[in-house]
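One structure is given below, encoded as structure tokens.
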Amino acid sequence: MDVPPLTYAQARAWTKRGGELGRRLLGHEAGPYSLSLNNLAVLLRVHGDYAAARSLFERALAINEKALGSDHPLVAVNLNNLAELLQAQGDYAAARPLYERALAIREKIFGPDHPLVAVSLNSLGRLLQAQGDYAAARRLFERALAIREKTLGSNDPFVAESLNNLAGLLQAQGNYVKARPLFERALAIWEKSLGPEHPHVAASLNNLAELLEAQGDYAAARPLFERALAIWEAAFGPCHPYIAATLNNLAGLLQAQGDYAAARPLFERALAINEKTLGPDHPNVASNLNNLAVLLQAQGDYAAARPLLERALAINEKILGPDHPDVATSLNSLGLLLQAQGDYTAAHPLLERALAINEKTLGPDHPLVASDLNNLAVLLQAQGDYAAARPLLERALAIREKALGPDHPHVGESLNNLAELLKAQGDDAAARPLLERALAISEKTFGLDHPYVAGALNNLGGLFQAQGDDAAAHPLFERALAIRKKVLGPDHPDTAISIDNLALLEWRTGAYEEARRKFLRAAAVIDGHIERTFPFLSFAEQRSFLALHLPKQTGLLLSALRRQEGFPIGYGFLFRWKGLLLESLRHQSAIARLGEEDPALEAKVSELQALRTKIAGWFHQAGEVPLAEWRKKNETLTGEKEALERELARALPSGTLHDPMEGVDLATFRKFLAPDEAFLDVYRYGFWEKGTFVEDRYSVVVTGRQEGPRLIDLGAAERVEEAVAAWRKE
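Take 893 as the starting number for the sequence shown in the numbering used here and just add one per residue.
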């Protein structure tokens, strides 16, 4: 039956009553009472109340040690349970001696080949695997499997559990070939012994499907996930944490295939189930929030992703403590989002803290440490600190090759990142074999039409382009663009990158008209992305966002379209983007100034700012509440905002309150110029000539009421700045 969540007060009351009964009937607190403590602690742990669960586990252990002696089998059970909780809290150092002591008790009492010894071996093996000590974990899993096959027979469900543990370890090491037959054998045992609709069968289907997904065999993995989901739903109904886990796995598969539209509602349903069944502050909810946010980021919806990541981090820090690996995961996810938005300053300390947590908790050679090193190095490279980035990338690659094997997808990621750094340092000869190896790994693992393959193609094509081998680069860029259009859609920022890459190549080979069309198309994609994201960012985030997306786009448009008929269209995008930032600054300054100058308006201005913030926050909750409820509240908040704007508009100067996304376009601006006036717009930008970066230059764009815009080149940036400095001295 379904057991409703207990509050800590209810659990304590139940425990106290059980203790009184135990003492009255038995004369001591051992036996039934300590067992009730254990059971309650398990229940509290399931609901995420680790602190309450720990105190009960510790009390049960103390009771049994006192009443039964330190080497009693029930003490081993208590030790194992407490160790599992400590492991869940990330306190691996405290968990390990408890597991080892439980194992020693069972070996002493039952002998080395007893099934209960196998239980302890499995528990300790899972801890060692979590710590990244795969070699030691494997020995324990293999010994546990041998014990169970010898004592229980080769087709016992407990043998299936051991097969499952060993296969999971092999999968973590990237040894998919050896893992698969073990998963398949475990599934066959459970189906035969328990029937095809048993929940253990669903768990086994999930495990095998995850392996197939890791191998890139998505077509084979999907029906297994779907069958597992059907079994769980038949066994537990539509709202159970096991169903949420399977939905999460299926959504992850769809995301890996690039089917973001199908993945999102599954992630959202998994989140809703766990919030309802486990409560809003459970670690599983944090994991769901993180997964949904990563999907939203992959879709380019940074504004919606950030509050989910911040909430996930807060949950993990509250429940698990500041040094848990899951906290490191949340820090990494939030840091990577900030990096994607161009806010490197905010991202850096988050990525450094994540690395420090995992090095402390998991040790310096764990695969998660390699991921942290990789993330931090990519950020340092983006900041131009190649000297600091390179040793981190090399260390990450070495860890992954040693722990995961030479053909693991994470090794491919490390190869790509190290190669990109070598390219940036001008060492193309060293970069090429790394990029070719990374592409081969991605194609082997994910298939030919995956976004990761598109990224690898772009990287290798960029190297060929830099070396002047346009014939080799062109088909790689075309294939990458085709993959991204198919999988991510025509309006994704990554699609714009591929369009720009192909346009640069066509420009260099003399296909000017086709290159012009592509540059304008890429600019339109970026403009649409800005339109969707910009209004929901703070001013600092708006500035960082534009700094990330616009410098290269500005250089390409000013360089490639300077003497072509498409220049007015291209400059229209640049004018709009610059205007957005200036208008946002003006808007915020005017609102703040009015509130200071007129105390009577200050409260209304503050109320309007709060309403706008509330609307942005409610926008982020789309998909987290029923659609009808979301629409109704959105309409209410919007109506309140518009009514307040009308009220303030009667008292404030015209135009003070208008939306910064409105009216920022060149055609509107030109109407305010007198016939004999011209607007001079100065740019410092990266100048490209026939698809190749040359230098930083200055140009001014001249726009009159009827004429222009027209670009006038002022020369190399270094010479212009030297001349300006000399003039200032004079």
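We put the beta carbon where it would ideally sit given N, CA and C, even for glycine.
Residue i vs residue j beta-carbon contact at 8 Å
{"i": "Gly982", "j": "Leu1228", "result": "no"}
{"i": "Ile1165", "j": "Pro1133", "result": "yes"}
{"i": "Arg1329", "j": "Leu1355", "result": "no"}
{"i": "Gln1273", "j": "Asp1320", "result": "no"}
{"i": "Leu1061", "j": "Gln1021", "result": "yes"}
{"i": "Ala1357", "j": "Leu1313", "result": "Residue identity differs from the one stated: residue 1357 is Gln in this sequence, not Ala. Result no, Cβ atoms of Gln1357 and Leu1313 do not sit closer than 8 Å."}
{"i": "Asp1264", "j": "Leu1247", "result": "yes"}
{"i": "Arg937", "j": "Ala943", "result": "no"}
{"i": "Ile1123", "j": "Ala1094", "result": "yes"}
{"i": "Arg1611", "j": "Asp1557", "result": "no"}
{"i": "Asn1208", "j": "Asp1215", "result": "no"}
{"i": "Leu1655", "j": "Leu966", "result": "Nothing about residue 1655 can be read from this structure; the chain reaches only from 893 to 1622."}
{"i": "Asn1308", "j": "Asn1350", "result": "no"}
{"i": "Asn1224", "j": "Asn1180", "result": "no"}
{"i": "Ala1395", "j": "Arg1376", "result": "no"}
{"i": "Asn930", "j": "Ala954", "result": "no"}
{"i": "Leu1271", "j": "Ala1220", "result": "no"}
{"i": "Ile1081", "j": "Pro1049", "result": "yes"}
{"i": "Gln1065", "j": "Ala1295", "result": "yes"}
Where residue i falls, given that 16 or more other Cβ within 10 Å makes a residue buried
{"i": "Lys1410", "result": "buried"}
{"i": "Gly1547", "result": "For Gly1547, the predicted model reports a pLDDT of 49, less than 50, meaning its position is unreliable; a value from the coordinates is still stated below. So Gly1547 counts as exposed."}
{"i": "Gln1233", "result": "buried"}
{"i": "Ala1279", "result": "exposed"}
{"i": "Ser1046", "result": "exposed"}
{"i": "Leu1310", "result": "buried"}
{"i": "Ala1322", "result": "exposed"}
{"i": "Leu1474", "result": "exposed"}
{"i": "Phe949", "result": "buried"}
{"i": "Asp1386", "result": "buried"}
{"i": "Pro989", "result": "exposed"}
{"i": "Trp1399", "result": "buried"}
{"i": "Val1490", "result": "What sits at residue 1490 in the sequence shown is Asp, not Val. Result: exposed."}
{"i": "Asp1361", "result": "exposed"}
{"i": "Pro1343", "result": "buried"}
{"i": "Ala1113", "result": "buried"}
{"i": "Leu1104", "result": "buried"}
{"i": "Phe1159", "result": "buried"}
Own chain, CB closer than 6 Å to residue i, minus 5 neighbours either side, in chain order
{"i": "Ala1197", "result": "Ala1185, Leu1188, Gln1189 and Leu1229"}
{"i": "Arg998", "result": "Ala968, Leu1008, Val1009 and Ser1012"}
{"i": "Asp1257", "result": "Ile1291"}
{"i": "Lys1084", "result": "none"}
{"i": "Leu978", "result": "Ala986 and Ala987"}
{"i": "Pro1567", "result": "Arg1597"}
Own chain, CB closer than 8 Å to residue i, minus 5 neighbours either side, in chain order
{"i": "Gly1420", "result": "Asp1383"}
{"i": "Val1417", "result": "Pro1382, Asp1383, His1384, Pro1385, Thr1387, Ala1388 and Ile1391"}
Endpoints, the beta strand (DSSP E) within which residue i is located
{"i": "Phe1579", "result": "Ala1570 to Glu1581"}
{"i": "Asp1320", "result": "First-last for Asp1320: Asp1320 to Phe1338, but that is the alpha helix (DSSP H), not the beta strand (DSSP E)."}
Residue i - containing alpha helix (DSSP H), residue span
{"i": "Thr1043", "result": "Tyr1026 to Leu1044"}
{"i": "Arg1376", "result": "Asp1362 to Val1379"}
{"i": "Gln1147", "result": "Pro1133 to Ala1148"}
{"i": "Gln1063", "result": "Pro1049 to Ala1064"}
{"i": "Leu1355", "result": "Pro1343 to Ala1358"}
{"i": "Pro1301", "result": "Pro1301 to Ala1316"}
{"i": "Asp1273", "result": "First, the amino acid is wrong: residue 1273 is Gln here, not Asp. Element bounds for Gln1273: Pro1259 to Ala1274."}
{"i": "Asp1151", "result": "No alpha helix (DSSP H) holds Asp1151; DSSP gives it neither H nor E."}
As assigned by DSSP and simplified to three states, the class of residue i
{"i": "Glu1089", "result": "coil"}
{"i": "Leu917", "result": "With a pLDDT of 38 at Leu917, under the threshold of 50, the predicted position of this residue should be treated as unreliable, though the coordinate-derived value follows. Three-state result, Leu917: helix."}
{"i": "Asp1588", "result": "strand"}
{"i": "Arg1602", "result": "strand"}
{"i": "Asp983", "result": "coil"}
{"i": "Ala1608", "result": "strand"}
{"i": "Gly1471", "result": "helix"}
{"i": "Thr1595", "result": "strand"}
{"i": "Gln1191", "result": "coil"}
{"i": "Gly1234", "result": "coil"}
{"i": "Asn853", "result": "Given that the chain is displayed from residue 893 to residue 1622, the structure contains no residue 853 and the question cannot be resolved."}
{"i": "Gln1023", "result": "coil"}
{"i": "Ser962", "result": "coil"}
{"i": "Lys1626", "result": "Only positions 893 to 1622 of the chain appear in the structure, and residue 1626 is not among them; the question remains open."}
Minimum Cβ-Cβ distance from residue i to chain D less than 8 Å
{"i": "Pro1241", "result": "This model lacks chain D altogether, as it is built from one protein chain only."}
Proximal residues to residue i (C-beta, below 7 Å), its chain only, five neighbours per side dropped
{"i": "Lys1378", "result": "Asp1341"}
{"i": "Arg1077", "result": "Leu1055"}
Residue i: CB within 7 Å of a non-hydrogen atom of the ligand HEM
{"i": "His964", "result": "Absence of the ligand HEM is noted for the structure shown, with no ligands found whatsoever."}
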